[in-house]
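Below is one structure, written out as structure tokens, with a few remarks after it.
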């Protein structure tokens, strides 16, 4: 990746620890926007050009798959990655088949695996845009 081009990532999770860990780990490599609610995530999508959205499956009383379904019309561009420590496998497979999510990553994630997934997602985005 060109050193002048930084991937814009929106990370939504209702656990402060996860947001802090993600920001601390990846802010040197990417432009990172973190949100604790899905409502804040919508605001970031309205204000910034986002390449990749990573959202937890459970965010307070909301869920990441419903969020991804809702943004596919107004914000179809970003690659959508679901992050979860637990979820119904069938629900996730259906969301992937329907095109609502690009992939699902398991929590807890490792830095190496998540970085690899982000780079692959960005490559996929560029190849398909």
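In the working numbering, the protein residues as written are 56 to 184. For every residue, glycine included, the Cβ atom is placed at its ideal position computed from N, Cα and C. The structure displayed is predicted, hence computed values, not measured ones.
- Message: Mapping the DSSP letters down to three states, classify residue 147 as helix, strand or coil.
- Response: Looking up residue 147 in the chain shown gives position 92. Residue 147 falls in the helix class under three-state DSSP.
- Cβ pair count under 8 Å reaching 3, the region 82-96 against the region 127-142: no
- If you count every other CB in all the chains shown that lies within 10 Å of the CB of residue 120, and 16 or more means buried, which is it? Position 65 of the chain shown, counting from 1, holds the residue named residue 120. Counting Cβ neighbours within 10 Å, residue 120 comes out buried, since at least 16 surround it.
- Message: If you follow the alpha helix (DSSP H) that residue 129 is in, where does it begin and where does it stop?
- Response: In the chain shown, residue 129 corresponds to position 74, counting from 1. Residues 119-129.
- To the nearest whole angstrom, what separates the beta carbons of residue 179 and residue 134, a pair I think is in contact under 8 Å? Against the chain shown, residue 179 aligns to sequence position 124. Against the chain shown, residue 134 aligns to sequence position 79. The Cβ separation is near 6 Å, so the contact holds.
- Item | Distance between residue 147 and residue 159 (C-alpha atoms, nearest Å) | Taking the chain shown and counting its residues from 1, one reaches residue 159 at position 104. Taking the chain shown and counting its residues from 1, one reaches residue 147 at position 92. Distance between the alpha carbons of residue 159 and residue 147: 7 Å.
- Once you ignore the five residues that flank residue 177 on each side, which residues in its own chain have a CB closer than 8 Å to its CB? For the purposes of this step, residue 177 is identified with residue 122 of the chain shown, where counting begins at 1. So the list reads 56, 62, 106, 107, 134, once near-sequence residues are dropped.
- Message: Measuring alpha carbon to alpha carbon, tell me which residue in 165, 152, 130, 124 is nearest residue 101.
- Response: Taking the first residue of the chain shown as 1, we reach residue 101 at position 46. Of the candidates 165, 152, 130, 124, the one whose C-alpha sits nearest the C-alpha of residue 101 is 130.
- Task: With residue 73 as the anchor, note down where its alpha helix (DSSP H) starts and where it stops.
- Result: Position 18 of the chain shown, counting from 1, holds the residue named residue 73. First-last of the alpha helix (DSSP H) with residue 73: 71-81.
- Message: Please identify the residue among 79, 83, 80, 127 whose C-alpha is closest to the C-alpha of residue 154.
- Response: Start at 1 with the first residue of the chain shown, and residue 154 comes out as number 99. Comparing Cα-Cα distances from residue 154 to each of 79, 83, 80, 127, the minimum goes to 127.
- Considering residue 61, what are the terminal residues of the alpha helix (DSSP H) in which it resides? Here residue 61 corresponds to residue number 6 of the chain shown, with the count starting at 1. Residue 61 -> no alpha helix (DSSP H), and no H or E assigned at all.
- Task: Please check the pair residue 65 and residue 88, which I expect to be a contact at CB under 8 Å, by giving their CB distance rounded to whole angstroms.
- Result: By one-based count along the chain shown, residue 65 stands at place 10. By one-based count along the chain shown, residue 88 stands at place 33. Rounded, the Cβ-Cβ distance is 5 Å, consistent with contact.
- Between the C-alpha atoms of residue 60 and residue 145, what's the straight-line distance to the nearest angstrom? On the chain shown, residue 60 is found 5 positions in, with the first residue counted as 1. On the chain shown, residue 145 is found 90 positions in, with the first residue counted as 1. Approximately 36 Å, taken between the alpha carbons.
- Straight-line gap, residue 58 to residue 173 (C-alpha atoms, nearest Å): Position 3 of the chain shown, counting from 1, holds the residue named residue 58. Position 118 of the chain shown, counting from 1, holds the residue named residue 173. Residue placement at residue 58 is poorly supported in this model, since its pLDDT is 46, which falls under 50; the coordinates are not used for a value here.
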